[in-house]
Each structure stands twice: as C-alpha cells, then as structure tokens.
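So this is what it looks like as structure tokens:
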C-alpha cells in the first residue's frame with residue numbers, strides 16, 4: 001500500500017512493524033496521512049509494533065513533531081522494552097487461553113489501555129487491544145508464525161463487511 | 001528481563017532487519033546529518049567518523065568511530081543507529097555492543113584487523129550486518145552469525161557497477177542452486193565453501209535466510225531504484241548523500257525512489273533538481289590494492 005489509489009482498493013489495513021518515525025514521515029511526505037486517518041475512522045485497521053504507535057492516541061517518546069494516525073484510546077511508550085539489545089521472544093496469552101510465542105523488537109509498551117478490550121497479555125501486562133474498528137499489538141505476530149491475532153483481525157474484518 | 005522471555009535470539013536479530021525492508025540506511029558523521037537522514041525518511045543511520053569517500057581520499061588506517069560521536073548521533077535520532085567495526089576486530093564489536101548500538105556492520109570500508117578470521121558473531125547479543133560479493137561469502141558470514149547481508153559494492157566511489165555485479169552474482173548463484181537436485185548439493189556446498197545444511201536451505205527456499213540490502217556506490221535515485229528492481233530488500237547510501245550538492249533534497253529523493261522503485265514517473269520526478277551528485281571515481285581507475293570490495297573472504 002503505497003498510494004491513495006492502493007488504499008481506496010482495500011477493505012482493511014494492516015500497519016506492520018518498521019520504524020514508526022520513518023512510517024510517519026513517509027505518510028506525510030507522500031501525502032497519504034489524511035486518507036489513512038479517514039480510513040482508520042471507520043474501517044478495520046490492525047497496527048503491530050510501529051503500527052500500534054501510529055494508531056495510538058498518546059505516545060511517550062515520539063518526536064515532538066511526529067504526526068500520528070491516532071484513534072486507539074491508549075497511551076503507549078516507544079521502545080519501552082528497550083533497544084535492540086533488549087529485544088526478545090516471549091509468550092503472550094489471549095483472552096480465550098491461547099498462548100503463543102511472539103517477538104518483541106524495540107517494542108512499544110501499552111501503559112494505559114483506557115476503554116479498550118484487552119485481547120492478550122504478557123506477564124499480566126496488556127500487549128494487544130481492540131477498540132471499535134481498531135486493533136493494536138506491541139509485538140510481531142508474523143515472525144514466529146503465530147496466527148491467533150490474525151484470526152481475531154479477520155473476524156473483525158468479516159463483522160465490518162456483513 | 002521478566003520471566004518466560006528469551007533475549008537476542010537469531011529470530012529477534014534478523015527480525016529487526018526485516019523491519020528495515022524497503023528502506024534506506026544512510027551514512028552520517030554527525031548529529032546534524034543524522035537528523036537530515038531521519039527527516040528524509042531513512043529507516044536507520046550508520047554512524048561513522050568519515051564517509052567512505054573521505055576514507056578513500058585521506059588514506060591511512062580506518063577504525064571504529066569515537067564512542068562520543070556514536071553517542072551523539074544516538075541521542076539525536078529515534079531511528080535505529082548502526083556502527084562499523086573492522087573485519088575481525090571483536091573488541092571493537094564488544095565496545096559497540098557496550099554502547100548499545102542497534103546493529104554492528106563488520107565492514108570492509110574500515111581497515112581489516114584480521115586477514116584470516118571474521119568476528120564470531122554468535123557471541124554477541126547485538127545483530128551484525130556483513131558485506132558479501134558472492135553467495136559463498138554471504139553464507140560464510142551467515143554461518144558466523146550475521147543476521148543481515150549487504151552487497152559490498154565499491155564504497156566511496158559513486159560508481160554502482162560493483163554493487164550491480166555483487167547483487168547479480170548472489171541472486172544468479174541462488175537461482176542456479178535452486179535448479180540442482182538434492183544429491184548435487186553436497187558438491188555445491190564444497191564449491192561455495194559453506195555448510196551443507198545452509199546451502200540446502202537456500203536451494204529449497206530460493207532466497208537467503210536473512211535480509212539482503214545493497215551497498216557501495218549508490219549515488220542517485222535511479223541507482224537506488226535499479227537495485228530494488230534487481231531484488232534488493234533495501235539500500236545503504238554511504239557518501240552519495242552528504243558528498244552531493246544538496247543532501248536534504250537528495251536524501252528525500254533516494255528514499256522516494258527506493259519506495260516507488262517500479263514507477264518510472266515517480267523516479268523521474270525524484271531525479272529533478274538535485275544539484276550535483278558526488279563527483280565519483282570509476283572503479284576501473286582504482287588500482288587493485290585500493291579496492292575495498294576485495295577485503296574479506
């Protein structure tokens with residue numbers, strides 16, 4: 001998804017990991033930010049790692065001028081688990097008891113989950129949340145082949161299509 | 001760390017490189033340049049004292065940068081910061097790990113510290129990127145623990161021909177490997193001077209097990225887009241940005257061309273009005289002892 005035309009052709013959006021600073025700069029530099037914000041107001045969006053930062057309402061440790069997509073009523077802290085030296089693999093537990101091994105890489109932490117539904121925790125702290133059409137996770141589900149978060153997101157997309 | 005976690009696994013190390021895919025990593029020598037790179041949309045910066053073009057023109061032994069310089073750059077930006085250690089210089093790598101850089105480049109751009117052995121990268125918690133000119137070299141670096149590979153190119157020249165040669169060689173050798181039957185892979189491992197299990201994995205998956213960037217001589221948006229069209233996962237730009245006439249515009253233009261590498265209209269527009277490119281040296285004019293890409297083995 002690189003242009004507004006690409007965005008117009010999809011029903012849901014996944015904003016994956018990467019550098020939140022870079023993604024935010026490029027959304028602005030390439031004139032995508034207004035359309036992505038509009039999309040995130042009504043359509044399903046899943047943000048993981050950097051994607052979570054971008055859809056958060058409040059971010060600690062972001063650049064002063066950093067533009068966010070926002071919409072998810074959480075307070076997150078960038079790189080709260082530490083830099084690359086502190087990146088780790090660990091297990092997360094979903095609300096239905098499913099446990100999966102996932103990767104946290106320079107990961108953000110959800111400090112306050114506000115009115116969100118907590119989908120998963122790691123050491124009793126929320127690491128995946130949902131609010132209306134938005135889902136966010138601090139971890140990378142894709143690197144370890146974990147699929148539970150994807151299944152939850154597909155259900156959300158299906159609800160929105162019916 | 002808290003319970004039920006494992007830090008610095010191979011997956012976590014190569015995982016960061018996965019997050020940089022499609023992006024540009026820029027060489028910077030001070031905080032001001034690092035901020036320009038970040039504003040232009042670079043996914044990471046390489047902190048060093050002299051860009052390759054200056055190392056080349058000034059000569060002498062090139063070493064790891066001063067920790068103060070690296071700390072200054074880390075403090076200035078929020079994107080990941082990489083730094084270079086000399087080939088085989090494991091103490092420079094230990095220092096960079098102690099400085100908590102995000103990635104270590106065991107780099108032929110610096111003067112090698114060991115002409116026989118590379119660093120045992122498995123001993124480190126920080127991931128490494130290493131240069132390669134062919135598939136065997138890439139697989140030997142991965143065997144030693146590299147979590148990311150880049151072509152060597154000929155750094156500091158602005159001549160992209162060596163980078164082209166390396167990426168074409170690596171991808172060509174992978175394609176050739178994929179066409180060989182299982183019983184031919186034992187000999188392939190011997191020819192590549194790489195472990196059989198890794199050779200077999202590459203043959204069956206048709207790609208390296210880690211991210212592959214291109215480096216060395218990239219100076220224009222067109223250079224960057226060409227590398228991406230040939231299959232690179234991303235681009236390192238060394239001297240090409242800050243040795244040019246207008247670094248701010250050129251940095252943004254190279255990022256744009258790397259993102260929209262398949263759209264000639266976008267690359268054309270990104271190429272307009274950038275001022276002078278870095279002056280450049282033809283690799284063929286370089287006497288053999290001064291070719292950096294021949295360092296490492």
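Protein chains in written order, with my numbering: chain X, 1 to 162; chain S, 1 to 297. Even glycine gets a Cβ: it sits at the ideal position worked out from N, Cα and C. None of these values were measured; they are calculated from a predicted model.
DSSP state of residue i mapped onto helix, strand, coil
i, result
"residue 66/S", "coil"
"residue 289/S", "helix"
"residue 248/S", "helix"
"residue 80/S", "coil"
"residue 10/S", "helix"
"residue 6/X", "helix"
"residue 113/X", "coil"
"residue 36/S", "helix"
"residue 34/X", "helix"
"residue 151/X", "helix"
"residue 166/S", "helix"
"residue 18/S", "helix"
"residue 136/S", "helix"
"residue 22/X", "helix"
"residue 190/S", "helix"
"residue 141/X", "coil"
"residue 71/S", "helix"
"residue 198/S", "helix"
"residue 280/S", "coil"
"residue 174/S", "helix"
"residue 15/X", "strand"
"residue 156/X", "helix"
"residue 51/X", "helix"
Expected contact under 8 Å - CB spacing of residue i and residue j to nearest Å
i, j, result
"residue 113/S", "residue 95/S", "About 13 Å separates the two Cβ atoms, so there is no contact after all."
"residue 129/S", "residue 81/S", "That belief does not hold up - the Cβ atoms of residue 129/S and residue 81/S are roughly 13 Å apart, past 8 Å."
"residue 155/S", "residue 231/S", "Actually they are not in contact, since the Cβ atoms of residue 155/S and residue 231/S sit about 21 Å apart, beyond 8 Å."
"residue 283/S", "residue 125/S", "With a Cβ gap of about 36 Å, residue 283/S and residue 125/S do not count as contacting."
For residue i, the residue or residues it bridges with in DSSP
i, result
"residue 107/S", "86/S"
"residue 101/X", "91/X"
"residue 213/S", "150/S"
"residue 27/S", "46/S"
"residue 5/S", "90/X"
"residue 162/X", "DSSP, once it has assigned bridges, lists no residue as partnering residue 162/X."
"residue 131/X", "134/X"
"residue 130/S", "106/S, 149/S"
"residue 235/S", "24/S, 214/S"
"residue 75/X", "58/X, 112/X"
"residue 61/S", "None; residue 61/S has no bridge partner."
"residue 122/X", "125/X"
"residue 45/X", "13/X, 134/X"
Buried versus exposed call for residue i [16 or more other C-beta atoms within 10 Å across all chains shown]
i, result
"residue 115/S", "exposed"
"residue 274/S", "buried"
"residue 168/S", "exposed"
"residue 1/S", "Low local confidence applies: a pLDDT of 43 at residue 1/S is under 50, so the model's placement there is unreliable, with the coordinate-based value given in what follows. Its Cβ having fewer than 16 others within 10 Å, residue 1/S is exposed."
"residue 289/S", "exposed"
"residue 193/S", "exposed"
"residue 236/S", "buried"
"residue 262/S", "exposed"
"residue 5/X", "exposed"
"residue 130/X", "buried"
"residue 180/S", "exposed"
Listed from N- to C-terminal order along the chain, which residues in the stretch 143-154 of chain S have their beta-carbon within a distance smaller than 8 Å of any beta-carbon of chain X? none
Cβ-based contacts, 7 Å cut-off: residues of the stretch 6-36 of chain X near chain S: 17, 18, 19, 21, 22, 25, 26, 29
The stretch 101-123 of chain S: which residues have C-beta closer than 9 Å to a C-beta of chain X, in chain order? 101, 102, 103
Residues of the stretch 237-258 of chain S with a CB closer than 8 Å to any CB of chain X: list them in chain order, please. 252, 255, 256
Listed in chain order, which residues of the stretch 34-55 of chain S have Cβ atoms closer than 9 Å to some Cβ of chain X? 38, 39, 40, 41, 42, 43, 44
Which residues, in chain order, does the stretch 262-278 of chain S contribute to contact with chain X at a C-beta distance below 9 Å? 263
Along the stretch 44-62 of chain X, what residues have a CB closer than 7 Å to any CB found in chain S? none
Note down, in chain order, all residues in the stretch 61-86 of chain X with a beta-carbon under 9 Å from any beta-carbon belonging to chain S. 61, 62, 63, 66, 78, 79, 81, 82, 83, 84, 85, 86
Taking Cβ-Cβ distances below 8 Å as the criterion, which residues of the stretch 136-153 of chain X are in contact with chain S? 140, 143, 144
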